[in-house]
Structure formats: structure tokens, C-alpha cells
Amino acid sequence: MDDSMSATSVSDVNDRLSALELRVQQQEDELTVMKAALADVLRRLAASEDSGANRKQHGAKANDN
Amino acid sequence: MDDSMSATSVSDVNDRLSALELRVQQQEDELTVMKAALADVLRRLAASEDSGANRKQHGAKANDN
Amino acid sequence: MDDSMSATSVSDVNDRLSALELRVQQQEDELTVMKAALADVLRRLAASEDSGANRKQHGAKANDN
Chain C
9 MDDSMSATSV
19 SDVNDRLSAL
29 ELRVQQQEDE
39 LTVMKAALAD
49 VLRRLAASED
59 SGANRKQHGA
69 KANDN
Chain F
9 MDDSMSATSV
19 SDVNDRLSAL
29 ELRVQQQEDE
39 LTVMKAALAD
49 VLRRLAASED
59 SGANRKQHGA
69 KANDN
Chain D
9 MDDSMSATSV
19 SDVNDRLSAL
29 ELRVQQQEDE
39 LTVMKAALAD
49 VLRRLAASED
59 SGANRKQHGA
69 KANDN
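Residue numbers (my numbering), protein chains in the order written: chain C, 9 to 73; chain F, 9 to 73; chain D, 9 to 73.
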């Protein structure tokens, strides 16, 4: 068995691990922002659907779908 | 060349790899959930737009935009 | 201290790093697609809300909410 992990490759492994940890953290931050945006969309879409349903009942006699 | 990868650093690398693998798996799961939620939003939004278009044609003579 | 990083484990570390780098890249690509889809949803939802607000003012006297 040779001494297969040179100082260079240890440093390389550390660099790749650090780069991955940074990217994964950035993705977690982006996912958090997107979850909040999606929750906002769902709330507004429900309000819009509710408003549309009210118009159908009280208003313009639109087609059902 | 020195013996640069000590038992401690091997364990550390394994720990960091395992932690990253867990986080990446959790993000994949969250992305799957968000893709499903987004597909649902797109479907409901299309239905809402279609319903709104029907109201314009048959109903309240709303403004075009 | 033993020579704790064998050729096998170095290869294993490289394999796990490469696999993680691939998965993280795929997630970045998916996040980019989802951000674009979410931006499209927000634009269409705002247009839909604006259209609904116009109908309320000029059209069917729907309920406020």
C-alpha cells in the first residue's frame, strides 16, 4: 500500500469540501426564499379563486369550469 | 512526502461528506415538494385565467389589458 | 499514528465528492428553472389580480374581500 494521500490531495479534498459546503448553504438560502415566495403565491391564488367564485355567484354569470 | 492524512482528518472528511450527503438529500426532497406545489399553482392559475377570459367574453365587459 | 488513508479510501472520497458535485450542480440547474417558473407565476398572478380589480370597478359588483 502506498502513501496515497499526499499533502496536495488533502488540500484538494478540503477545497472541494469547502466549495460544496458553500454551494449547499447558498442553495438552502435560495430554497428558503422560494418557499416564502411560493407560500405568498398560494395565499394570493386562493384569494383570487375565492374572489372569482364570489363573482360567479353574485355577478356576471360566467361559465362554470 | 509526509503522512499528511491523519486518522483525525480522515474521520473529519468522512463526517463532512456524510453531512453534505444528508443536506443534499434533504434539498432534493424539498425540491420535489416545491416542484409539485409549483405544478399545482400553474394548473390553478391557468384555470383562473381561463375563467377570467370567459367572464370577459360572456359577462361583465371588463377592461382588456 | 497509522497510515490511515489507504488508496481505497482516497478513491472513495473522490467518488463521493464527484457524486456530490454532480448532484449540487443538478440542483442549481433545477433551482434556476424553478426561479424562472416562479417569476412567470408572479407576473401572471399580478395580471390576474389587476384584471379582477378592474372587473370589480367596472363590472359585476363582486364582493370585496
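Built from N, CA and C at the ideal position, the CB exists for glycine as well.
Quantities reported herein were computed from a predicted structural model and do not represent experimental measurements.
Cβ-based neighbour list, residue i, same chain, cut-off 6 angstroms, excluding 5 preceding and 5 following
| i | result |
| --- | --- |
| D/V21 | none |
| F/V32 | none |
| D/E29 | none |
| D/H66 | none |
| D/E38 | none |
Interface flag, residue i vs chain D, CB-CB below 8 angstroms
| i | result |
| --- | --- |
| C/L30 | no |
| F/R63 | yes |
| F/V21 | yes |
Cutoff 8 angstroms: residue i Cβ touching any chain C Cβ
| i | result |
| --- | --- |
| D/V49 | yes |
| D/R24 | no |
| D/M9 | With a pLDDT of 38 at D/M9, under the threshold of 50, the predicted position of this residue should be treated as unreliable, though the coordinate-derived value follows. By this cut-off, D/M9 is not an interface position. |
Min CB distance residue i to chain F below 8 angstroms
| i | result |
| --- | --- |
| C/Q35 | yes |
| D/A45 | yes |
| C/V18 | yes |
| D/S59 | yes |
Residues near residue i by beta carbon distance below 8 angstroms, same chain, minus five either side
| i | result |
| --- | --- |
| D/D58 | none |
Close Cβ partners of residue i (< 7 angstroms) along its chain, the five nearest in sequence each way excluded
| i | result |
| --- | --- |
| C/S56 | none |
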